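Chains as they are written, first to last, in our numbering: chain W, 322 to 615; chain G, 375 to 753. Even glycine gets a Cβ: it sits at the ideal position worked out from N, Cα and C. This one's a predicted model, so the numbers in the text were calculated from it and none came from an experiment. What follows is a set of notes on a single structure, which appears directly below.
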Amino acid sequence: MTAVAAGASTRARARLAPYLYVLPALLLLGLWNYYPLVYLIHLSLHRLGASAPMPRWVGLTNYRELFANPLFWRVLGNTAIYTGLVVPLSIGLGLALALALDQRLRGARLLRTLLYTPVVLPTVAGATVALWIFNTDYGLANYLLGLIGLPPIGWLTDSEYALGSLIAVGVWKTFGYFMLVYLAALQSLPQSVLEAARLDGARPWDRFWSVTWPLLRPTTWFAIVIALILSFQAFDFVNIMTQGGPSNATNLLVFYVYQNGFQYFRLGFAGAIAVVMFVLVYTLSGLISLWYSR
Amino acid sequence: MGKVALALAGIAKAHGSNAVVRGLDLEIFEGEFFVLLGPSGCGKTTLLRMVAGLSDPDSGRIALGGSDVTSVPAEARNIAMVFQDYALYPHMTVRNNLAFGLKRHRVPRDQIGGRIERVARMLAIEQLLDRKPHQLSGGQQQRVALGRAIVREPLLFLMDEPLSNLDAQVRANTRAELKELQHRLGVTTLYVTHDQVEAMTLADRLAVMNLGRLEQVGRPLDVYRLPATLFVAQFLSSPRLNLLAGEIAGGTVRTPVAVFPTGGASGPGGPVQVGIRPEWLRFSPDPVAGSLPLDVALIEPLGAEVLVHARWPDGELVARVAVDGKLPDRGKVWIDAAASRLDLFDADGRRIGSTPGDAEPSNPREISPPLQPAAARGA
Numbered sequence: 322m323t324a325v326a327a328g329a330s331t332r333a334r335a336r337l338a339p340y341l342y343v344l345p346a347l348l349l350l351g352l353w354n355y356y357p358l359v360y361l362i363h364l365s366l367h368r369l370g371a372s373a374p375m376p377r378w379v380g381l382t383n384y385r386e387l388f389a390n391p392l393f394w395r396v397l398g399n400t401a402i403y404t405g406l407v408v409p410l411s412i413g414l415g416l417a418l419a420l421a422l423d424q425r426l427r428g429a430r431l432l433r434t435l436l437y438t439p440v441v442l443p444t445v446a447g448a449t450v451a452l453w454i455f456n457t458d459y460g461l462a463n464y465l466l467g468l469i470g471l472p473p474i475g476w477l478t479d480s481e482y483a484l485g486s487l488i489a490v491g492v493w494k495t496f497g498y499f500m501l502v503y504l505a506a507l508q509s510l511p512q513s514v515l516e517a518a519r520l521d522g523a524r525p526w527d528r529f530w531s532v533t534w535p536l537l538r539p540t541t542w543f544a545i546v547i548a549l550i551l552s553f554q555a556f557d558f559v560n561i562m563t564q565g566g567p568s569n570a571t572n573l574l575v576f577y578v579y580q581n582g583f584q585y586f587r588l589g590f591a592g593a594i595a596v597v598m599f600v601l602v603y604t605l606s607g608l609i610s611l612w613y614s615r
Numbered sequence: 375m376g377k378v379a380l381a382l383a384g385i386a387k388a389h390g391s392n393a394v395v396r397g398l399d400l401e402i403f404e405g406e407f408f409v410l411l412g413p414s415g416c417g418k419t420t421l422l423r424m425v426a427g428l429s430d431p432d433s434g435r436i437a438l439g440g441s442d443v444t445s446v447p448a449e450a451r452n453i454a455m456v457f458q459d460y461a462l463y464p465h466m467t468v469r470n471n472l473a474f475g476l477k478r479h480r481v482p483r484d485q486i487g488g489r490i491e492r493v494a495r496m497l498a499i500e501q502l503l504d505r506k507p508h509q510l511s512g513g514q515q516q517r518v519a520l521g522r523a524i525v526r527e528p529l530l531f532l533m534d535e536p537l538s539n540l541d542a543q544v545r546a547n548t549r550a551e552l553k554e555l556q557h558r559l560g561v562t563t564l565y566v567t568h569d570q571v572e573a574m575t576l577a578d579r580l581a582v583m584n585l586g587r588l589e590q591v592g593r594p595l596d597v598y599r600l601p602a603t604l605f606v607a608q609f610l611s612s613p614r615l616n617l618l619a620g621e622i623a624g625g626t627v628r629t630p631v632a633v634f635p636t637g638g639a640s641g642p643g644g645p646v647q648v649g650i651r652p653e654w655l656r657f658s659p660d661p662v663a664g665s666l667p668l669d670v671a672l673i674e675p676l677g678a679e680v681l682v683h684a685r686w687p688d689g690e691l692v693a694r695v696a697v698d699g700k701l702p703d704r705g706k707v708w709i710d711a712a713a714s715r716l717d718l719f720d721a722d723g724r725r726i727g728s729t730p731g732d733a734e735p736s737n738p739r740e741i742s743p744p745l746q747p748a749a750a751r752g753a
């Protein structure tokens, strides 16, 4: 081999190397993520399940049925309310607590650990505790209401309150994570910039809105995308606490997919719901990223 | 001197059990460029932050323009500060960086633009006004930081090593500009640095700080000529101060390497610490009575001057010698005791006096040697 050719092959190898490094990860992701996704789309165009043991091509029928189904719109509405409240509430609560703990506070470490506990608590354990708190007859929530002379509420059994209870649990489970993310971001903010703002005459709230908040933008973007995905995936609490009831008041998209796929065994229809959900999450994340890079 | 702009009385501050500033008094006059000089960890930045209101003194009072501001928060003190890392608002354009403080100090909206334009012109940053900090070079960021302080027209400028992140060339230029600018604006300035050249060149008056206390306050050349303590002499010496153990007896100062005449400088007699600045140490190529022969170990050319390192078995001395002077060969030299000037300190490092030597301290030629010789003549 000539020296020139050897040099060229070394360069070619150097160009190829990064792709080889990511190949194993891509293969695994392909097996667990991309192949199922493609199969899901394939599935959503077929009828498969109790009524059709072999997949049968039906085109967009599953989607037509889905969009014509009032329950789908109910579930979508529930999911929108759930996401629309859990995302800002968990992020907002996380940020507020991070700001509080960022001060040189006695016992901040302990508080941080305590507040982070719900995140690491197994969902089943958390759901069990929540069931006990929200139990209509002997729950803590109604006991407290009773103390101030208010009548008991069907937290999980009254369709007016059930989604709200689920939202509260969803926030409780995730705010600790965002608190930690914001705390890390706050502690890496350049202190001198905040001090410069003080000397420029900015008082605490002013400093927060004109300096801290804009500097936290990358963190907020990250938090919103993560919170959005987490809340769209909400399933465990629904499954354990309400089974989507009463009368579908707490039926959220993933649970709806589960119901159709694994309870009613309408795999093609469930696939169509999952595809719609995927498109929704993907579009929303894209819009948020667009806002961020503006 | 004019009116007192900033007065510190009995300022003390400890971090835990570690006293950082220990009962410090200082007055700075209106329009003065005052430099706090000291090694890192001496408490100078802590002191600056207390003046700014970013940190509270454990005890003592701070008065600004005659009124006590000890308990006034930083945002209400009307002080502007230039930070070491510039601390520009990274998400704002240069224009908004400059406007930020003006808006908060309720400057009428129609005046803000004009003030920003004026300062931008003064600092030659007009063409940068719509850029963001990350699009600027270090030197440009530094100017913007300066502009943000100037545009406010505050009672006091605080500067925390503002030139230390610049490269040597830009630093020297900016230093000169800074001094000129401060004189033009006439705003009282408290400037913190560990760089003796910055301190000497910029200061109307300076204070040398060590271990939370002020060792000496005065005009730069006075402090340089008559260091009150051994620490000051050492800190203001470049290269390092030559230090010898000595003894005053019978009109002489005896050291292991030479016997120096006191030249009338009277002392109680007994042991002293002898400091000889490299520029005030004279070597002779010929034997001098009472002087030990020294081996020339190293000659470092600086340009117009050279550093001559000479050793004897127990130590080394450094002299700064003009190139047009007699250059010792690599060989033996002797200390020209009569021509060298000594600063004498007691065991606690307090000044006792100086011997006159050749280097008459009131003669400015000796204090800042002319730089023209060799290089200029050679060209």
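| said: Please return the same chain residues whose Cβ sits closer than 6 Å to the Cβ of methionine 574/G, not counting the five positions on each side in sequence. | reply: Pro594
| query | Nearest to glycine 460/W by alpha carbon, out of Ala373/W, Val445/W and Trp476/W? | reply | Trp476/W
| said: Less than 8 Å between C-beta atoms, sequence neighbours within five positions excluded: which residues of the same chain meet that for arginine 538/W? | reply: Tyr613
| task | Starting from glutamine 647/G, trace the beta strand (DSSP E) both ways and give me its first and last residue. | result | 644-650
| query | Out of curiosity, what's the CA-to-CA distance linking leucine 555/G and glutamine 543/G? | reply | 18 Å
| task | Taking the CB atoms as reference points, tell me whether valine 525/G and arginine 480/G lie closer together than 8 Å. | result | no
| Start and end of the beta strand (DSSP E) containing threonine 626/G? | 626-628
| field | Among Gly664/G, Tyr565/G, Gly689/G and Thr467/G, the one whose alpha carbon lies nearest that of aspartate 710/G | value | Gly664/G
| task | Tell me whether asparagine 547/G is buried or exposed, calling it buried when 16 or more other Cβ atoms sit within 10 Å of its Cβ. | result | exposed
| request: Would you list, in sequence order, the uninterrupted alpha helix (DSSP H) runs of no fewer than 4 residues that lie entirely inside the stretch 380-450 of chain W? | output: 382-389, 391-423 and 429-441
| said: Taking contact to mean 3 or more Cβ pairs, one atom from each stretch, closer than 8 Å, check whether the stretch 721-729 of chain G and the stretch 616-636 of chain G are in contact. | reply: yes
| task | Taking all protein chains shown into account, decide if glutamate 690/G is buried (16 or more other Cβ within 10 angstroms of its Cβ) or exposed. | result | exposed
| If we count the other Cβ atoms within 10 Å of its Cβ and call it buried at 16 or more, is valine 606/G buried or exposed? | buried
| message | I'd like to confirm the pairing. Which residues does DSSP put opposite asparagine 471/G in its beta bridges? | response | For asparagine 471/G, which the question treats as bridged, DSSP gives no partner whatsoever.
| query | Is the stretch 543-553 of chain W close to the stretch 496-509 of chain G, with three or more CB pairs under 8 Å? | reply | no
| query | For the beta strand (DSSP E) that contains lysine 387/G, what are its first and last residues? | reply | 378-389
| request: In angstroms with no decimal places, state the Cα-to-Cα distance between glycine 434/G and phenylalanine 657/G. | output: 50 Å
| task | Could you tell me whether any Cβ in chain G is nearer than 8 Å to the Cβ of alanine 523/W? | result | yes
| said: Between the stretch 555-564 of chain W and the stretch 389-396 of chain G, can you find at least three pairs of beta-carbon atoms closer than 8 Å? | reply: no
| query | Mind checking whether phenylalanine 576/W and valine 559/W have CB atoms under 8 Å apart? | reply | yes
| request: Just tell me which of Ala518/W, Ala505/W, Ser552/W and Phe590/W has its CA closest to the CA of glutamine 424/W. | output: Ala505/W
| said: Counting C-beta neighbours from all protein chains within 10 Å, is the total for alanine 749/G 16 or more, i.e. buried, or is it exposed? | reply: Confidence at alanine 749/G is low in this model, with a pLDDT of 33, below 50, so its placement is unreliable and no value can be given for it.
| said: I need the straight-line Cα distance from alanine 388/G to aspartate 432/G, nearest angstrom please. | reply: 7 Å
| query | Nearest-angstrom Cα distance between alanine 753/G and leucine 655/G? | reply | The predicted model places alanine 753/G with a pLDDT of 31, which falls under 50 and marks its position as unreliable, so this point remains unresolved.
| Should asparagine 383/W go down as buried or exposed, given a rule of 16 or more other Cβ atoms within 10 Å for buried? | buried
| field | Status (buried if at least 16 other CB within 10 Å, exposed otherwise) for threonine 331/W | value | exposed
| request: Rounded to whole angstroms, what's the CA-CA distance from leucine 435/W to isoleucine 488/W? Just pull it up for me. | output: 21 Å
| field | Contact residues within the stretch 506-523 of chain W, judged by C-beta distance below 8 Å to chain G | value | Pro511, Ser513, Val514, Glu516, Ala517, Ala518, Arg519, Leu520, Asp521, Gly522 and Ala523
| Thinking C-beta only, is phenylalanine 529/W closer than 8 Å to isoleucine 412/W? | no
| Distance, Cα to Cα, glycine 662/G vs valine 571/G? | Note that residue 662/G is valine in the sequence shown here, rather than glycine. Taking the straight line from one Cα to the other gives about 34 Å.
| query | isoleucine 673/G versus chain W: which residues are under 9 Å apart at the beta carbon? | reply | Per Cβ cutoff of 9 Å: no residues; isoleucine 673/G is ~44 Å from chain W at best.
| Would a C-beta distance cut-off of 8 Å place threonine 562/G and leucine 530/G closer than the cut-off? | yes
| request: Would you mind telling me which residues of chain W sit closer than 7 Å to glycine 475/G, beta carbon to beta carbon, in chain order? | output: Asp521 and Gly522
| task | Taking leucine 536/W as the query, report the chain G residues whose CB atoms sit under 9 Å from its CB, ordered along the chain. | result | Tyr463, Pro464 and His465
| Through-space distance from leucine 347/W to tyrosine 464/W, alpha-carbon basis | 53 Å
| message | Using only the alpha-carbon positions, how far apart do leucine 616/W and alanine 454/G sit? | response | Residue 616/W falls outside the range modelled here, since chain W spans only 322 to 615, and no answer is possible.
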